[in-house]
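S.K.: Just so you know, we're using the UniProt record's numbering here: the sequence shown kicks off at 1 and counts up by one. Glycine included, each C-beta is placed from N, C-alpha and C at the ideal position.
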Amino acid sequence: MGYTMSKLELDSDMCDSEESSSAACSSRKPGEGSFNIDNEIAHITKLRSEPSEKIHKAMNSEKKMPISVVKMLSAREANFSERGNFSLADRCHVLGRYLPVNGPCRIDRMDSRAYVSQFSSDGSLFVAGFQGSLIRIYDVDDGWKVRKDILARSFRWTITDTCLSPNQSYLVYASMSPMVHIVNVNTGSAESHANINEIHDGLDFSVDDDWEHSFAIFSVRFSTDGRELVAGSGDESIYVYDLEANKVALRISAHSSDVNTVTFADDTGHLIYSGSDDNLCKVWDRRCFISKGRPAGILAGHLEGITFIDSRGDGRYFISNGKDQTTKLWDIRRMASTINCSRPKTFDWDYRWMDYPAKAKLLRHPSDQSLATYRGHSVLRTLIRCYFSPAYSTGQRYIYTGSSDNCVYIYDVVCTSSICPRQNTCIVHIQLSCNPDTGFILLEVVHRILLHTIPSEPSITTIVHDCMTLLLGP
């Protein structure tokens, strides 16, 4: 990540001078428009997010044409599907057509910069981590009431990542140190001060006794069974922590630069995806070769460092955000060995305070293994995240990403086009998260928490950044 203390104030005209990017998204070849992905993921996505064949026939509609919400409701009332209700795909087709139009209205305001945000798996809780050592948990179902304030322990610089356990009873948080802390969020206390009124157990990820060997934890995730943590660090390594044994179970010398993002590929916990400032995504199979530091394979295609990875949850597909200003879709069956990967030309620039070089936008990786590339958003200032939209409400039809050009971009997985850049004037969107029940997006930046709403629909939350200060890290 190349993390250093960067200046925290820039001239406000940086925000004013940046024009919002157009909604256009280029394909993997320069000069081409959006294109359809004619492969397995396109077929699966369409099955999950398009109306059934019976409804298409009843509406006399071609399979490729979308059916309006009014017609979908009429078909449901007439029981054209012979189910008496919407199927999961029918529901996803309807919900996937809505974007937030009302707001934002403020629901909270903080005194320090926010770096982390995430809904719980069921959408009932929302976690935000701030530079001022505070982690705040909101109860979404109770009118965004503050459920718990957690004051971090052994805090360095900022909260770099948080993660709720699968049962939503515990939260782990990381900062710029090898210590990750775990705290019980169901104690009933509205405030949790580390080792004053509640215990914040320290999980030491350093495996050496040398105290001079200090590093940051940039990414931490629970396994599906809640027994392990996987973490990406500033010492170019991936760590797996056994919570029952209370020790590091595995350390992998994974990359040649900071590991900014890690995640489990699926519910089994066997496969791990990682992304680094060495421009590579890697796949790790814990059942073989991993003790020798050998990945199951690598996926090259980004020209700059990886800021975030989100798995589709099927052990096959994932997306990544890169400092080359792109989001890429990957199929791990395309991965190759490290021997076959050539590194393209790079430019001397720093994404924390510089714009992406204009000449670099014309470059393409000579060995790009990605299925698709999504362009239009801006990955600057910090480790901006991207996600698949929820399976429950959209069938994972879309990819949504934050952007430093005042917008949130929503891309169609199948045709790789940008659906809509949702804009707020003079805002830099840093982190974002989508409520799994509502299918709408939470955007996090700094200082204020705002609420976007959809008429007669659940809500979308936004944390936004004051115009006078642009965020530079982590």
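For R397, which residues from the same chain have a beta carbon less than 8 Å from its beta carbon, with the 5 sequence-adjacent residues on both sides left out?
M.R.: T45, R48, S49, C92, G96, S389, D412, V413, V414
S.K.: Run through the UniProt repeat "WD" (213 to 251) for me and flag every whole beta strand (DSSP E) of 3 or more residues, listed as ranges in chain order.
M.R.: Taking only runs of at least 3 residues, the beta strand (DSSP E) segments lying wholly in the UniProt repeat "WD" (213 to 251) are 217 to 222, 228 to 233, 237 to 242.
S.K.: Please list the segments of the alpha helix (DSSP H) lying wholly inside the stretch 162 to 209, counting only runs of 4 or more residues, in order along the chain.
M.R.: none
S.K.: Please confirm whether S219 and F264 have their CB atoms less than 8 Å apart.
M.R.: no
S.K.: Taking the straight line between their C-alpha atoms, what separation do you get for G322 and T346?
M.R.: 13 Å
S.K.: Straight-line CA distance for S257 to E236?
M.R.: 5 Å
S.K.: Please determine, among N79, D142, A254, R221, the residue with the shortest C-alpha to C-alpha distance to Y241.
M.R.: Nearest option by C-alpha distance: R221.
S.K.: Decide if A245 is buried, meaning its Cβ has at least 16 other Cβ atoms within 10 Å, or exposed.
M.R.: exposed
S.K.: Please list the terminal residues of the continuous alpha helix (DSSP H) segment that includes K71.
M.R.: 69 to 77
S.K.: Using alpha carbons as the reference points, say which of C288, T268, P295, D285 lies closest to A254.
M.R.: P295
S.K.: Taking the C-alpha atoms as reference points, what is the distance between A128 and Y115?
M.R.: 8 Å
S.K.: Looking at the unbroken beta strand (DSSP E) that takes in D149, where does it start and where does it end?
M.R.: 145 to 151
S.K.: Span of the alpha helix (DSSP H) holding L363?
M.R.: Run containing L363: none; DSSP gives neither H nor E here.
S.K.: Could you tell me which residues DSSP pairs with A128 in its beta bridges?
M.R.: S117, R136
S.K.: Out of D225, V262, E228, which has the shortest C-alpha to C-alpha gap to G234?
M.R.: V262
S.K.: Please classify P51: is it buried, with 16 or more other beta-carbons within 10 angstroms of its beta-carbon, or exposed?
M.R.: Using a 10 angstroms sphere on the CB of P51, the tally of other CB atoms reaches 16 or more, which defines it as buried.
S.K.: Starting from the Cα of G132, find the closest Cα among S403, P66, T160 and give me that residue.
M.R.: Of the candidates S403, P66, T160, the one whose C-alpha sits nearest the C-alpha of G132 is T160.
S.K.: Check each candidate in S403, T224, K145, A152 and name the one with the smallest Cα separation from T268.
M.R.: Of S403, T224, K145, A152, the smallest CA-CA separation from T268 is found for T224.
S.K.: How about L125 and V140: are their beta carbons less than 8 Å apart?
M.R.: yes
S.K.: In this structure, does DSSP put V445 in helix, strand or coil?
M.R.: Low local confidence applies: a pLDDT of 47 at V445 is under 50, so the model's placement there is unreliable, and no value is given.
S.K.: Rounded to a whole number of angstroms, what is the C-alpha to C-alpha distance between S274 and W144?
M.R.: 33 Å
S.K.: Please report the residue range of the alpha helix (DSSP H) in which K57 lies.
M.R.: Where K57 is concerned, the enclosing alpha helix (DSSP H) stretches over 53 to 58.
S.K.: Between N279, I272, R385, A152, which lies nearest to L229 when the distance is taken from Cα to Cα?
M.R.: Taking only the C-alpha atoms, the option nearest L229 is I272.
S.K.: Since C386 sits in a beta bridge, which residues does DSSP pair it with?
M.R.: T401
S.K.: Any idea what DSSP makes of A336, helix, strand or coil?
M.R.: strand
S.K.: Could you round the C-beta distance between Y170 and A152 to whole angstroms and report it? I think they count as a contact, below 8 Å.
M.R.: At roughly 15 Å, the Cβ-Cβ gap does not stay under 8 Å, so Y170 and A152 are not in contact.
S.K.: What is the DSSP secondary structure of R109, counted as helix, strand or coil?
M.R.: strand
S.K.: Hey, out of S393, C386, Y392, whose CA is closest to C407's CA?
M.R.: C386
S.K.: Taking DSSP as the reference, what is the three-state secondary structure of T45?
M.R.: helix
S.K.: Which of the three DSSP states, helix, strand or coil, is assigned to R287?
M.R.: Assigned with DSSP and collapsed to three states, R287 falls in coil, not helix or strand.
S.K.: Any beta carbon from chain D within less than 8 Å of S223's own beta carbon?
M.R.: Chain labels in this structure do not include chain D; a single protein chain is all it has.
S.K.: Taking the alpha carbon of S403 as the reference point, which residue from T382, M59, D108, Y392 has its own alpha carbon closest?
M.R.: T382
S.K.: On the three-state DSSP scale, how would you describe R83?
M.R.: For R83, the secondary structure class from DSSP, reduced to helix, strand or coil, is coil.
S.K.: Taking all protein chains shown into account, decide if K292 is buried (16 or more other Cβ within 10 angstroms of its Cβ) or exposed.
M.R.: exposed
S.K.: Helix, strand or coil for A265? Go by DSSP, reduced to three states.
M.R.: coil
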